[in-house]
Amino acid sequence: MRIENDVNLKPYNTFGLPAVAKRLVRIREAADVRRIVDHPALGRAPKFVLGGGSNLVLTKDVEAVVLKVEIPGIRLLEERADAWIVEAGAGVVWHELVQWTLDHGYPGLENMALIPGTVGAAPVQNIGAYGIEVKDRLEAVEVMDLVTGRPALLPADVCRFGYRDSVFKQSDFGGLAGKSVITQVRFRLPKPWQPVLGYLELERKMAETGITAPDARQIFDWIVAVRRAKLPDPAVIGNAGSFFKNPVVTAEQCKDIIGRDPGIVHYPMPDGSVKLAAGWMIDACGWKGKTVGGAAVYDKQALVLVNKGEARGAEVVTLARAIQESVYGRFGIRLEPEPVVV
Numbered sequence: 014m015r016i017e018n019d020v021n022l023k024p025y026n027t028f029g030l031p032a033v034a035k036r037l038v039r040i041r042e043a044a045d046v047r048r049i050v051d052h053p054a055l056g057r058a059p060k061f062v063l064g065g066g067s068n069l070v071l072t073k074d075v076e077a078v079v080l081k082v083e084i085p086g087i088r089l090l091e092e093r094a095d096a097w098i099v100e101a102g103a104g105v106v107w108h109e110l111v112q113w114t115l116d117h118g119y120p121g122l123e124n125m126a127l128i129p130g131t132v133g134a135a136p137v138q139n140i141g142a143y144g145i146e147v148k149d150r151l152e153a154v155e156v157m158d159l160v161t162g163r164p165a166l167l168p169a170d171v172c173r174f175g176y177r178d179s180v181f182k183q184s185d186f187g188g189l190a191g192k193s194v195i196t197q198v199r200f201r202l203p204k205p206w207q208p209v210l211g212y213l214e215l216e217r218k219m220a221e222t223g224i225t226a227p228d229a230r231q232i233f234d235w236i237v238a239v240r241r242a243k244l245p246d247p248a249v250i251g252n253a254g255s256f257f258k259n260p261v262v263t264a265e266q267c268k269d270i271i272g273r274d275p276g277i278v279h280y281p282m283p284d285g286s287v288k289l290a291a292g293w294m295i296d297a298c299g300w301k302g303k304t305v306g307g308a309a310v311y312d313k314q315a316l317v318l319v320n321k322g323e324a325r326g327a328e329v330v331t332l333a334r335a336i337q338e339s340v341y342g343r344f345g346i347r348l349e350p351e352p353v354v355v
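Its first residue numbered 14, the sequence shown is counted upward by one per residue in this note's numbering.
What follows is the structure, given as structure tokens:
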């Protein structure tokens with residue numbers, strides 16, 4: 014185990030924001046967590062877990078010990094009559110896992126193609142896209158306790174998943190935020206495979222191509238094309254993907270908003286609630302392309318905030334708060350950011 018001092022974190026967050034980690038340790042296997050817990054200088058120090066840095070806004074240097082999770086490896090753990098169980102290291106790039114499963118004939122993650130970040134961060138945020146969330150495909154999460162160094166295997170039903178939420182983000186009673194490190198994740202990819210197609214972009218692709226029964230690879234290709242067309246590549250333009258959660262309201266609230274803004278994009282949910290398109294609301298308030306210092310609203314997708322080159326975290330936060338106030342003033346809806354602000 015090697016401790017690095019005064020590490021520049023700009024390459025380790027997809028927004029490309031400047032910050033320095035006073036101490037950083039790379040986690041390349043689960044045993045490294047136990048070594049940190051037992052370390053005389055690091056054991057009792059505050060910890061900050063860092064995966065791909067794709068859901069992060071850094072506003073200052075990080076005093077806590079940064080645990081940079083880089084655990085590799087993907088394998089088919091088990092094949093059952095009703096599912097494939099695939100296990101991946103927490104440091105694996107998420108999109109590479111999606112590609113690997115399709116290359117090996119295990120479909121089920123294709124709707125979440127090209128989501129930035131790592132496998133270990135996926136359950137924390139309960140990432141999702143185009144009708145599928147991680148919770149729908151999760152079997153179990155392997156964690157290491159940051160106090161005892163002991164491992165535990167948590168089945169999906171104890172992870173308290175919600176919309177972009179999980180027990181790993183929660184700090185209340187029973188929450189695991191700051192208390193554990195995810196080292197491996199197991200996914201349950203069901204048999205027989207069934208496509209999930211109920212989104213406008215996919216319906217457009219079917220209409221354009223005439224393919225009414227796409228296979229998993231076709232859905233993957235469509236979603237990659239759609240995301241690349243409307244979302245900036247973090248390697249080119251710094252960003253953290255969708256900056257705000259799509260708000261969920263009651264059917265009555267949605268009816269009131271439609272009365273004022275008939276064009277609002279909305280999606281009825283199975284439980285009777287309605288999900289509103291945050292990007293549409295931000296665009297309707299005139300924010301697309303607007304800037305605060307080096308931070309800007311992406312000109313092709315209002316849900317994405319970008320770093321024009323030399324943005325600081327404080328500028329991103331200022332821009333986000335101004336958008337929140339604007340949307341609240343027009344729609345009475347308080348947008349909630351997705352990224353963690355540090």
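Think of the CB as a built atom: it goes at the ideal place given N, C-alpha and C, for glycine as much as any other residue.
The structure presented is a predicted model; accordingly, all values stated were derived computationally and were not measured.
- In the DSSP assignment, H52 is bridged to no other residue.
- Contact annotation: E152 and P164 have beta-carbon atoms that are not nearer than 8 Å.
- The way I'd put it, the stretch 174-186 doesn't touch the stretch 114-132; fewer than three beta-carbon pairs between them come closer than 8 Å.
- About 6 Å separates the beta carbon of K301 from that of V310, a gap short enough to meet the 8 Å contact definition.
- Contact annotation: K258 and A291 have beta-carbon atoms nearer than 8 Å.
- In this structure, the CA atom of G254 is about 33 Å from the CA atom of G162.
- The criterion of a C-beta distance shorter than 8 Å is satisfied by F233 and L115.
- A Cβ-Cβ distance of about 6 Å is found for the pair R347 and Q337, placing them in contact under the 8 Å criterion.
- When the beta-carbon positions are compared, F256 and V305 stay at least 8 Å from each other.
- Between L289 and I271, the gap from beta carbon to beta carbon reaches 8 Å or more.
- Contact between the stretch 34-41 and the stretch 68-85 is established, with three or more Cβ pairs separated by less than 8 Å.
- Boundaries of the alpha helix (DSSP H) around A135: 134-138.
- Taking all protein chains in view, the Cβ of V329 is crowded by 16 or more other Cβ atoms within 10 Å, so the residue is classified as buried.
- Straight-line spacing of the CA atoms in E216 and W235 works out to 10 Å.
- When the beta-carbon positions are compared, V50 and G133 stay at least 8 Å from each other.
- For H279, the uninterrupted beta strand (DSSP E) run begins and ends at 279-281, by DSSP.
- The secondary-structure analysis by DSSP pairs L63 across a beta bridge with K81.
- Under the three-state reduction of DSSP, R273 is assigned to helix.
- With contacts defined by Cβ atoms closer than 8 Å, P203 and P129 do not form a contacting pair.
- Exclusion of the five residues before and after P85 leaves R41, G102, G104, V105 as the residues of its chain whose Cβ lies within less than 8 Å of its Cβ.
- With a cutoff of 8 Å on beta-carbon distance, A315 and D284 are scored as not near each other.
- A direct Cα-to-Cα measurement between D185 and V171 gives close to 14 Å.
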